[in-house]
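All remarks here apply to the structure that follows.
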Amino acid sequence: MVRSALAGRRGRTLLWISTLLVIFAFIATALVFLFYQLELAAARGAAMARLQPITALKLQEIDRWRKDRHRDAYLLSVGPLFAETYAQWLTTRDAVQTERIRANLLAANIDNDYTNIILLDAAENERFRLYPERAAPQCRGTNALVTNALATGEIQFGDIERCVEGSPPQLVIAAPLTVAHQEGAEQVGVLLLYVDVQNKFYPLLQEWPLQTSSAETLLVERDGGDVLFLNDVRHAADTALSLRIPLSHNTAVPAVSVVLGNAGSLEGLDYRGVAVLADSGVVDGSPWRIVSKMDLAEVIAPINRRWPLYVGLGTGITLLAGSLIGLLFFAQRHTMYRQLYTVEHERAAALVQYETLLKSAGDAILLTDAAGVILQANARADSIYGYGPEHWRQLRWIDLTTDSTAEAAKMVEATLDSTGSYESIHRRCDGTSLPVEVTVARIELDGQTRTQAIVRDTTQRKQVERVQAQLLDELRIKNEELESILYAASHDLRSPLVNIQGFSKWLQIATDELRLIFAETAIPESTRQRMAPLMDERIPTALRFIQSGSARMDTLIAGILRLSRLGRAEVIPTIVDMDRLVAAMTTTFSYQMERSGATIVVEPLPSCFADPNQLAQLFSNLLDNALKYRDTGRNLLVKISGERVGAAVVYQVADNGIGIPDNQRNKIWEIFHRVAPSGEIAGEGLGLAICRRIVERNHGRIWVESEAGAGSRFYVQLPASVVA
2 MVRSALAGRR
12 GRTLLWISTL
22 LVIFAFIATA
32 LVFLFYQLEL
42 AAARGAAMAR
52 LQPITALKLQ
62 EIDRWRKDRH
72 RDAYLLSVGP
82 LFAETYAQWL
92 TTRDAVQTER
102 IRANLLAANI
112 DNDYTNIILL
122 DAAENERFRL
132 YPERAAPQCR
142 GTNALVTNAL
152 ATGEIQFGDI
162 ERCVEGSPPQ
172 LVIAAPLTVA
182 HQEGAEQVGV
192 LLLYVDVQNK
202 FYPLLQEWPL
212 QTSSAETLLV
222 ERDGGDVLFL
232 NDVRHAADTA
242 LSLRIPLSHN
252 TAVPAVSVVL
262 GNAGSLEGLD
272 YRGVAVLADS
282 GVVDGSPWRI
292 VSKMDLAEVI
302 APINRRWPLY
312 VGLGTGITLL
322 AGSLIGLLFF
332 AQRHTMYRQL
342 YTVEHERAAA
352 LVQYETLLKS
362 AGDAILLTDA
372 AGVILQANAR
382 ADSIYGYGPE
392 HWRQLRWIDL
402 TTDSTAEAAK
412 MVEATLDSTG
422 SYESIHRRCD
432 GTSLPVEVTV
442 ARIELDGQTR
452 TQAIVRDTTQ
462 RKQVERVQAQ
472 LLDELRIKNE
482 ELESILYAAS
492 HDLRSPLVNI
502 QGFSKWLQIA
512 TDELRLIFAE
522 TAIPESTRQR
532 MAPLMDERIP
542 TALRFIQSGS
552 ARMDTLIAGI
562 LRLSRLGRAE
572 VIPTIVDMDR
582 LVAAMTTTFS
592 YQMERSGATI
602 VVEPLPSCFA
612 DPNQLAQLFS
622 NLLDNALKYR
632 DTGRNLLVKI
642 SGERVGAAVV
652 YQVADNGIGI
662 PDNQRNKIWE
672 IFHRVAPSGE
682 IAGEGLGLAI
692 CRRIVERNHG
702 RIWVESEAGA
712 GSRFYVQLPA
722 SVVA
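For the sequence shown, our numbering puts the final residue at 725, and the numbers step up evenly by one.
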């Protein structure tokens, strides 16, 4: 009977295991197929996610490229000197003006972006060609561009086209040349820029940030009832301006879809009829559309190559399931006992570690119950408070404090959010005061709420803070005394300096009068010859040296007075609207900027916490320096920007001036130091010293990055909010 019972049990077990294996085999197959489909969907989604930023990047690059071309046309067409020179040249054909026009055009084409640049007169006749040896064929849309430019007074962009059959594609830009008179504006001609799209623009489209065998970017537009491809495609030769797809074609073709106004991601067919994943977009201000695409076969190829792995995975899961079923029952009980042992072992280890941390901690750690009775204290608490281990359970928390009521209120407030900290005065065993910083937290131990207090002895820190405060106060007093002495000394020096200047002028007048007397009086020739060098050379030269030296001394004293007044002026910080402050400040430089042909660009600026009057002087000095030390070989460009960095704001004033040599970069903040000391650039050498003083008084800092000949970037860091 036993054998038969065992046989029956074995049969039922085999049936049970067989049934489970069939179920697991079915589930494994379904899971593998589902996983395969999910992998395909994930691959499609990942490919689309890669295509979208590429489309956005290409749109930005094309927009930047068009703006660069517009900027070149704008700088030439609106520049009053170029337009006036061209207007005069049309009448005089002066050789100097010819070279000046050619130099301006060559400067605009320094990167060889244009195959040619042509100047027309107001009657649309060609008058000047930058490269006479190069042909500039009349494209279909050129006459309309020129007419529109003259009619509207605005820059006109043409489209990409082949002006002559078999010639490289080109794009023509027409910009009107206008001269302003008192009677009004006069259009003297048109500037034509022939853009090299073959070598300059198409490579921009062809660059692809990912390694791929099928991906490409297409530039298309609507041409009648067709989609016209403006650039060469990857999988066919010589397709620029020749490959077309009718709009009546299936809208699943991404190029057709985007031209019909459906920009975005799409899975469809490309010009070869091959399945692709694509993302498309519209180029602002143009009829152009772009399509970034990749063959679907390339996207899913890695997954298809893993198909045998999926089959093996399903088989392995089934076999593994069978093995696990057999082992599950036997392992279950063993696992339970093993887990119990592990938990107990980890608990014992954690207890040992906790006790070790308590003994070795650098701060006192105390544990109290809800009534404030001290249940446990570490060795550091013994040394700080002077109690022995046998005393702690006889003490309550309030026994350690000097003001139990205030201490209780602080502890309640600190533990409202379960944890917090505060400073207090405690009492040692011998009755002496103990300044402490207390961090408390509510914790749960064995189902009961306890309060853990970490107490740090701040005696040494308080002593250091007192010494630091005393030193800072002494330093403030010394600075005030130094500024007072500096002010008094510079002020008192003015009196003798005024006497020197006044008497030198009086001596000048007396010398001139003596020279007249000398000329009208009969004096022996030998005496006249001896007196002539004194009257005509030595005395005037000495007076010039006296007057020059006194003028220089007057400038230095004035600078010292400015610095001393700045140090004594009250700083009234507030939240400063930097956009409004810089806009008002730059308005005062409009005349200087216009005379020097300079351009200032101000980006949106974050607010800061400082004295607005001193900030206006700070940025005025930086802008004045940029104007003084500009590079006469190029137009000055000054850019003011700013960003929030943590609790501070960093402003940047960047220029393309002459820059600062390496050996002077640390000296420019010194009083009376000048980058160009020979005198060819006016100044006292005080601007940057004043800037540094202003920034320091407003709790900030200032520094510079520069290269000789490449411009300078001054950085100003100021608090973004109230300074504690």
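Glycine included, every Cβ here is placed at the ideal spot set by N, Cα and C.
Return the first residue and the last residue of the alpha helix (DSSP H) that residue i is part of.
i      : result
SER434 : Where SER434 is concerned, there is no enclosing alpha helix (DSSP H), although the beta strand (DSSP E) it sits in stretches over 434-446.
CYS692 : 688-698
TYR423 : No alpha helix (DSSP H) contains TYR423, which is instead part of the beta strand (DSSP E) from 420-428.
TYR203 : 203-207
ASN105 : 96-109
THR252 : Careful: THR252 lies outside any alpha helix (DSSP H) and carries neither H nor E.
Roughly how many angstroms lie between the CA atoms of residue i and residue j, to the nearest whole one?
i      : j      : result
ALA683 : GLN188 : In this prediction, ALA683 has a pLDDT of 49, which is less than 50 and means its spatial position is unreliable; what the coordinates show is noted afterwards. So the two alpha carbons sit approximately 40 Å from each other.
VAL259 : ILE119 : 35 Å
ARG135 : ASN117 : 7 Å
HIS71  : ILE156 : 7 Å
ASN105 : ARG596 : 19 Å
SER434 : ASP474 : 27 Å
MET536 : TRP670 : 44 Å
ASP296 : LEU278 : 6 Å
ALA42  : LEU267 : 14 Å
ARG307 : THR343 : 40 Å
ASP73  : THR92  : 25 Å
MET594 : VAL79  : 16 Å
PRO525 : ARG531 : 10 Å
ARG273 : GLU217 : 13 Å
PRO288 : ARG223 : 7 Å
GLY363 : THR406 : 28 Å
VAL147 : ALA176 : 8 Å
ALA599 : PHE590 : 10 Å
ILE102 : GLY710 : 25 Å
THR440 : ASN622 : 50 Å
VAL191 : ASP69  : 19 Å
SER679 : GLN615 : With a pLDDT of 48 at SER679, under the threshold of 50, the predicted position of this residue should be treated as unreliable, and no value is reported.
ALA584 : GLN89  : 37 Å
SER5   : ILE318 : Interpretation of SER5 is limited by its pLDDT of 44, a score under 50 that renders its predicted location unreliable; no figure is taken from the coordinates.
For residue i, report the span of its beta strand (DSSP E) as first-last.
i      : result
GLN220 : Just to set this straight, residue 220 is Leu in the shown sequence, not Gln. Taken as a continuous stretch (DSSP letters only), the beta strand (DSSP E) holding LEU220 covers 217-224.
SER707 : 702-707
PRO177 : 171-182
SER266 : 266-270
TYR592 : Taken as a continuous stretch (DSSP letters only), TYR592 belongs to no beta strand (DSSP E), being part of the alpha helix (DSSP H) at 591-597.
GLN188 : 185-197
LEU1   : Shown here, the chain extends from 2 to 725; a query on residue 1 therefore has no answer.
PRO247 : 245-247
Tell me, which residues are paired with residue i by DSSP?
i      : result
ARG397 : VAL374
VAL1   : Nothing in the structure corresponds to residue 1, since the chain is present only between 2 and 725.
TYR652 : GLY643 and VAL717
GLN453 : LEU368 and ALA442
PHE610 : ILE576
PHE230 : VAL221
ALA276 : LEU270
How would you call residue i, buried or exposed, if buried means at least 16 neighbouring beta carbons within 10 angstroms?
i      : result
GLN707 : Checking the sequence, you will find Ser at residue 707 rather than Gln. Flag for SER707 reads buried.
ILE63  : buried
ASP95  : exposed
VAL646 : exposed
PHE610 : buried
GLN183 : exposed
ASP404 : exposed
TYR592 : exposed
HIS427 : buried
PHE330 : Because PHE330 carries a pLDDT of 49, less than 50, the predicted location of this residue cannot be relied on, and the following value inherits that uncertainty. With fewer than 16 Cβ atoms within 10 Å of its Cβ, PHE330 is classed as exposed.
THR542 : exposed
GLU644 : exposed
Relative to the C-alpha of residue i, which residue among the options is closest?
i      : options                           : result
ASN196 : THR148, VAL234, ALA372 and ASP112 : For the record, residue 196 in the displayed sequence is Val; it is not Asn. VAL196 has its Cα closest to that of ASP112, out of THR148, VAL234, ALA372 and ASP112.
THR56  : PHE715, LEU107, LEU719 and GLU208 : GLU208
ALA241 : GLN171, GLY269 and GLY282         : GLN171
ALA655 : ALA649, ASN664, GLY634 and TYR630 : TYR630
ASN636 : LEU76, ARG457 and ILE24           : LEU76
SER141 : PRO210, ILE161, ALA410 and GLU438 : Ser is not the amino acid found at residue 141; the sequence shown has Arg there. Of the candidates PRO210, ILE161, ALA410 and GLU438, the one whose C-alpha sits nearest the C-alpha of ARG141 is ILE161.
ARG45  : VAL300, GLN340, LEU314 and VAL468 : VAL300
LEU121 : PRO497, ALA454, THR143 and THR459 : THR143
ILE291 : ASN263, THR316 and VAL312         : ASN263
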